[in-house]
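Below you'll find the structure, written out as structure tokens, and then a few comments.
There are 2 protein chains.
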Amino acid sequence: MPATTPNLDRLFRPRAVAIAGASTNVDSPGHDYVRSLQVFGFEGPVYPLNLKADEVAGFRAYPNLREVPGEVDLVISCVPAGAVLDLVEQCGATGVPFLHLFTARFSETGDEQAAELERTIERRAAELGVRILGPNGMGLYHPAAGLAFRPDLPTDRGGVAFLSQSGNNAVEVILRGNARGLHFGKVVNYGNGKDITPGEMLRYLADDPETIAIGAYVEGVPDGRGFFEGLCAAAARKPVVIHKAGRTSAGARSAASHTAALAGAAGLWSTVIRQAGALEARSQEQLLDLLVGAALLPAPKGNRIAVVGGGGGRSVQSADACEESGLEVVPLPADVREKVRERAPQLADWIGNPVDQSILAGSGVSSNGLLEMMLASDAYDLGIANIGEDWFLGRPDAEERLRHACNRLMAAVKASPKPVAVVLGPTETTNARYRAIIDTVRDELTAGGMGIFYSVERAAFALGQIVARNQGRE
Amino acid sequence: MPATTPNLDRLFRPRAVAIAGASTNVDSPGHDYVRSLQVFGFEGPVYPLNLKADEVAGFRAYPNLREVPGEVDLVISCVPAGAVLDLVEQCGATGVPFLHLFTARFSETGDEQAAELERTIERRAAELGVRILGPNGMGLYHPAAGLAFRPDLPTDRGGVAFLSQSGNNAVEVILRGNARGLHFGKVVNYGNGKDITPGEMLRYLADDPETIAIGAYVEGVPDGRGFFEGLCAAAARKPVVIHKAGRTSAGARSAASHTAALAGAAGLWSTVIRQAGALEARSQEQLLDLLVGAALLPAPKGNRIAVVGGGGGRSVQSADACEESGLEVVPLPADVREKVRERAPQLADWIGNPVDQSILAGSGVSSNGLLEMMLASDAYDLGIANIGEDWFLGRPDAEERLRHACNRLMAAVKASPKPVAVVLGPTETTNARYRAIIDTVRDELTAGGMGIFYSVERAAFALGQIVARNQGRE
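Sequence lines, in order, name chains A and B. Each residue of the first sequence is one higher than the one before, starting from 0 at the first, in numbering that gives the first Met the number 0. Each residue of the second sequence is one higher than the one before, starting from 0 at the first, in numbering that gives the first Met the number 0.
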């Protein structure tokens, strides 16, 4: 493979899209793809291909690609596996550069005839100059270009790219990431992915001005060297998080029947990811946490962390989590202690880092005030601010107090150039009022651009990994 | 300490309670304790002690303990530290066996005078035969006895005991545990805890018929041998989960200023916990996951796990999580494969363990059907059933389909004597409709007695630890 940037512009921003196997059945993928273009406001012509229907979801339908009255950059295939070869011929004959095969049941079934059909399709497409995305993948989600593989996904646009071998994992990451404030640019579920590979897409995304951070979920790669080159190119320019699945023998067996991937040794993968300067996630949760840390927070300059919020027990647990994640929980320095003494002399020798919120009550110093003092001190490189919402929930005016504290916190975080992870716990309560309060406040913090984590442990993990990766690059 | 069961019955089931420092200010602990007894339906007399008020929260108030017209088993102290010694004298004079000191600002402040006052109080109480719970702790939550340290906590009763050195951690565990279906019996936040120690309480809970499982959050213990003996006694009779905090140097420093605890070496603690036959949690999240696994699921007989649900990518990740947690992801055995062949011949050689839900569509076999077949097979000891809710959310009749699948799943789980962890992801979406659907269905599963986990990774961790602990005891 050449080291030049691959030309995938028309894949990610097609001027016109045709959907083979478009369906009038509203509960089918062949309908969803057409509806998605509508919902996401795709600006070019949309051509459903259907032998019987006159229109699908309000768009005029055509019996096949040859009857379509304009140039097409991308064909999305929902036809059965047996009909794909003819579709490839149609693409070749009409000059379509990109064919996305949502169509599945190829090599991943373990059936040799199905695998042979996949190879034949790839060979013929290569001869005709048609690039293939998939098969066995949901394809493209790129709201800025009006593309989505499901009409109910979030329509907001952003700069986080995500490459996923698995479709359900792509949907989960989009939905859950969106709730965390991650706004996506180019998302690709590439399935078996042997023609357009994740390595090629990483090389493309490395130079893509829209993309500010990249995540990838990989079960196996057909081209190890190409993947490594793409990973190095991308990680040299922006944060990249790799979630490698199929690390164990059971996982590898499962990957073979999912995307026909050869999963490969876990230890080797960790080394490769680290050497390339990327971050490694070992679960979807870690992937999301690392993307939130890398995409929403400024890069940390060192590992000395200021921790505020929550009661005494939480402070002990937070200190453990930070230190076990490679962060240094530096004791309160003299300059901060003097500032505390001016306002609350009785606390000056007792208060520590992590700051125990419960001993501040009535002292004239708030945990937000302490966070400001600590972020202003040269002793700290980064911070974790724990809301400690359970304390507020017990008070009569819980919502007002909680919102007031969060607004002050946001102001403090925004005023500092240092990264601060904000922790607001999961909505784990049977109390519907509490649930609504926590969800609402979390949405407000997220909308305000905060990087929100569900626990101090998860925030510490993400920050620790990001610091280690940055230090490794210096 | 003697090895006999300590007599703490009157502490956990006092016949009458007095609250020293009871307050008419509704936003104060001195009011909350009185209100809590009311809300939780405490059946005996309640005596607020207040020099000025005639009544507090509807109960007649008395100027001091000597004026109270009946016997008192438990005094809750919200008075300042300087007033405690006099209260101890009053307890001694009136024959009160238990004094709970919510009062704080003793040795945990690092101030030598405050530490000396604490020692004086303990010495004098011992002379007078008054047992002390605390100081610096919120005390007792025991809904079955009408006791609680906050009026807004859940009032339902159960058999899970929890000992916590930290108060905010106790509140979080109660609220979050309740949302997970953990119904609590005796919960104690014992703070500095040097008289009534966690070791003594563990010995008591070992023989307590109400208690079916025990969790403990410990920063440090004043009496290592007593703790170990209590832990061994309890873990020999019921599942015990220990969350030891203050494992790192920063954590230990923080623990000293929180509860004056001497935190001690992490490695030694892990060994002690394992030797006693208890389970070790390294975060609150792990504590809750282990309690859900130990208290809500039958004990597993081995480590061979059946995994169903979610798409292909999830299956790969689930296999990794199980194998990395010490569970054996046994391939589908011949007996199950033959049952699949009868109903869906095209899947019989493709389907594996974990079961990829996405390839079952339209096959006549559901993932619940497969779970039933796998649980019925001798090849498996336990299971994980992943709801895979994100797939349902994309369909037009999401809620009906999801509820139908969950009801079938519950029936399958209840029909089997093998433990099955149910996974329903976190409510991480900005879509309010999706949020409501997930929360409602989770509440229904929890109310149905299912052990719910937020991710396959967390379920696998908990099951893996429980299996290893049971195998270690054989």
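Beta carbons are placed, not taken as given, at the ideal position from N, Cα and C, and that holds for glycine.
By how many angstroms is the C-alpha of residue j removed from the C-alpha of residue i?
i: G98/A; j: I272/B; result: Note that residue 98/A is Leu in the sequence shown here, rather than Gly. Computed Cα separation, rounded: 58 Å.
i: R179/B; j: Y140/B; result: 18 Å
i: W268/B; j: L204/B; result: 21 Å
i: V328/A; j: P13/A; result: 50 Å
i: G292/B; j: I451/A; result: 28 Å
i: Q476/A; j: N430/A; result: Any property of residue 476/A remains undetermined from this structure, which presents chain A solely from 0 to 473.
i: M0/B; j: D206/B; result: Residue placement at M0/B cannot be trusted, given a pLDDT of 44 that sits under 50; what the coordinates show is reported in the next sentence. Rounded to whole angstroms, M0/B to D206/B spans 17 Å at the Cα level.
i: I436/B; j: A264/B; result: 45 Å
i: L116/B; j: E126/B; result: 15 Å
i: N367/B; j: R313/B; result: 16 Å
i: V170/B; j: V412/A; result: 28 Å
i: P221/B; j: A80/B; result: 21 Å
i: A427/A; j: A446/B; result: Ala is not the amino acid found at residue 427/A; the sequence shown has Glu there. In a straight line, the C-alpha of E427/A is about 14 Å away from that of A446/B.
i: G382/A; j: D389/B; result: 33 Å
i: A458/A; j: S324/A; result: 10 Å
i: E66/A; j: A19/A; result: 12 Å
i: D8/B; j: L326/A; result: 45 Å
i: S256/A; j: A404/B; result: 24 Å
i: L444/A; j: A384/A; result: 12 Å
i: R340/A; j: A397/B; result: 57 Å
i: L152/A; j: L359/B; result: 24 Å
i: F58/A; j: E42/A; result: 13 Å
Please tell me whether residue i and residue j are closer than 8 Å, where the distance is taken between their beta carbons.
i: D31/B; j: P150/B; result: yes
i: V71/B; j: A15/B; result: yes
i: A234/A; j: G301/A; result: no
i: N167/B; j: S106/B; result: no
i: R202/A; j: P5/A; result: yes
i: L174/A; j: H242/A; result: no
i: V307/A; j: L392/A; result: no
i: L132/B; j: I195/B; result: yes
i: R402/A; j: V440/A; result: yes
i: I304/A; j: Y216/A; result: no
i: P416/A; j: P297/A; result: yes
i: V74/A; j: V95/A; result: yes
i: L290/A; j: L181/A; result: yes
i: L146/B; j: F39/B; result: yes
i: N63/A; j: Q89/A; result: yes
i: L278/A; j: Q164/A; result: no
i: P142/A; j: R156/A; result: yes
In chain B, which residues lie with their C-beta within 7 Å of the C-beta of residue i?
i: T270/A; result: Those do not exist, as T270/A stays about 18 Å from chain B at its closest Cβ, beyond 7 Å.
i: E171/A; result: D389
i: V328/A; result: A249
Chain B partners of residue i, CB-CB under 8 Å?
i: Y216/A; result: G312
i: S324/A; result: What S324/A touches in chain B: nothing, since even the nearest Cβ is about 10 Å away.
i: Q316/A; result: N168, A244, G250, S282 and Q283
i: Q164/A; result: G312
Name the chain A residues whose beta carbon is nearer than 8 Å to that of residue i?
i: Q470/B; result: The premise fails here: Q470/B is roughly 19 Å from chain A at the closest Cβ pair, so nothing lies under 8 Å.
i: R434/B; result: D438
When DSSP builds the beta bridges, which residues end up paired with residue i?
i: V307/A; result: V354/A and A384/A
i: I75/B; result: I18/B and H99/B
i: V422/A; result: N385/A and F452/A
i: G214/B; result: F161/B and V240/B
i: R130/A; result: F97/A
Kindly list, in the order they appear in chain B, the residues whose Cβ is closer than 9 Å to that of residue i.
i: A259/A; result: Simply none; closest approach about 11 Å.
Which chain A residues are close to residue i, counting only those with a beta carbon under 9 Å from its beta carbon?
i: R175/B; result: D389, G424, P425, E427 and T428
i: S454/B; result: S282, Q283 and E284
At 7 Å on the CB atoms, spell out the chain A contacts of residue i, in chain order.
i: A254/B; result: V315
- Members of the segment 16–28 of chain B that neighbour chain A once the beta carbon cut-off is set at 8 Å: V25 and D26
- Message: What are the residues in the segment 383–394 of chain B lying within 9 Å of chain A by C-beta distance?
- Response: G387, D389, W390, L392, G393 and R394
- Task: With 9 Å as the C-beta to C-beta threshold (strictly closer), list the residues of the segment 349–366 of chain B near chain A in chain order.
- Result: W349, I350, G351, N352, P353, D355, Q356, S357 and I358
- What are the residues of the segment 396–430 of chain B that lie near chain A, defined by any Cβ-Cβ distance shorter than 7 Å? P425, T426, E427, T428 and T429
- Cβ-based contacts, 9 Å cut-off: residues of the segment 26–53 of chain B near chain A: D26 and D31
- Query: According to a CB-to-CB cut-off of less than 8 Å, which residues of the segment 177–208 of chain B neighbour chain A?
  - Reply: N177, A178 and R179
- Message: Counting only Cβ-Cβ distances shorter than 7 Å, please list the residues of the segment 97–121 of chain A near chain B, keeping chain order.
- Response: T108 and G109
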